[in-house]
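Report on the following structure.
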Amino acid sequence: MQEIRLHRNGREDLVFTGEHLATVDDREWMGIAPNWWELALYRSEAGGFVLSSVFYLNFPRHRVLRGAVVFQNIADVRDYVVNACNGPSMIADGLLGRARRRLRQLDDPIPPLPRFAPVADYESFGEREIPYA
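Residues in the sequence shown are numbered consecutively from 172, following this note's numbering.
As structure tokens, this is what we get:
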């Protein structure tokens, strides 16, 4: 876990200890655009979730709108992103899908694959055979 600092317009930065889960940028689906929206999701050390929202306005004038919302659980994040934030959208699906995969990696990591000795150590087993224990 690391210290994370999220900037917010008109408020103090939100600072907490946690881990980054996922980031999405609607340009992934929309292509090049003068204005775009970026969402990032974090899990705090206390077990809550923080959703960071950054909206980049470049037309008609340059502005960056930054905000962050704190949630008790992932179901509340989903409800907010799907129902209260912008409705069901590709950016919501992308964020939640990436976060779900990252949470699975963090909470139930796949054990590392076994390490085999270099091929030269298997000369007695033939050129391409790998011995099994």
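Here a beta-carbon is modelled for each residue, glycine too, at the ideal position from N, C-alpha and C. All figures in this text were calculated on a predicted structure; none of them were measured in a lab.
Contact with chain B by residue i, beta-carbon distance below 8 Å
i, result
"residue 264", "Looking at the structure shown, chain B is missing, and only one protein chain is on hand."
Residue i to residue j span [Cα, whole Å]
i, j, result
"residue 237", "residue 253", "19 Å"
"residue 173", "residue 225", "21 Å"
"residue 281", "residue 275", "9 Å"
"residue 230", "residue 279", "44 Å"
"residue 234", "residue 205", "11 Å"
"residue 245", "residue 228", "29 Å"
"residue 201", "residue 214", "27 Å"
"residue 256", "residue 268", "17 Å"
"residue 182", "residue 175", "16 Å"
"residue 216", "residue 243", "12 Å"
"residue 271", "residue 203", "27 Å"
"residue 277", "residue 187", "19 Å"
Assigned exposure category for residue i - 16 Cβ within 10 Å defines buried
i, result
"residue 197", "buried"
"residue 248", "buried"
"residue 239", "buried"
"residue 208", "buried"
Sequence-distant residues of the same chain with beta carbon closer than 7 Å to residue i, five excluded per side
i, result
"residue 266", "193, 195, 210, 212, 252"
"residue 241", "219, 221"
"residue 305", "Nothing can be reported for residue 305: it is not among the residues displayed for the chain, which extend from 172 to 304."
Residues that DSSP places opposite residue i in a beta bridge
i, result
"residue 277", "DSSP, once it has assigned bridges, lists no residue as partnering residue 277."
"residue 179", "Paired residues: none, contrary to the question."
Contact set for residue i: own chain, Cβ-Cβ below 6 Å, skip 5 residues either direction
i, result
"residue 304", "Confidence at residue 304 is low in this model, with a pLDDT of 49, below 50, so its placement is unreliable and the value that follows should be read with caution. Nothing listed; no residue qualifies."
"residue 263", "252, 253"
"residue 177", "185, 223, 239"
"residue 261", "200"
"residue 190", "172, 214"
Contacts around residue i, its chain only, beta-carbon distance under 8 Å, and the 5 residues preceding and following it disregarded
i, result
"residue 179", "185, 237, 238, 239"
Point to revise | Segments of 3+ residues assigned as beta strand (DSSP E) that fall wholly inside the region 223-273 | key: You should have 234-242.
Exercise for review: List in chain order: all unbroken alpha helix (DSSP H) runs of 4+ residues lying wholly within the region 182-221.
Suggested key: Listed in chain order, the alpha helix (DSSP H) runs fully inside the region 182-221 are 198-201, counting runs of at least 4 residues.
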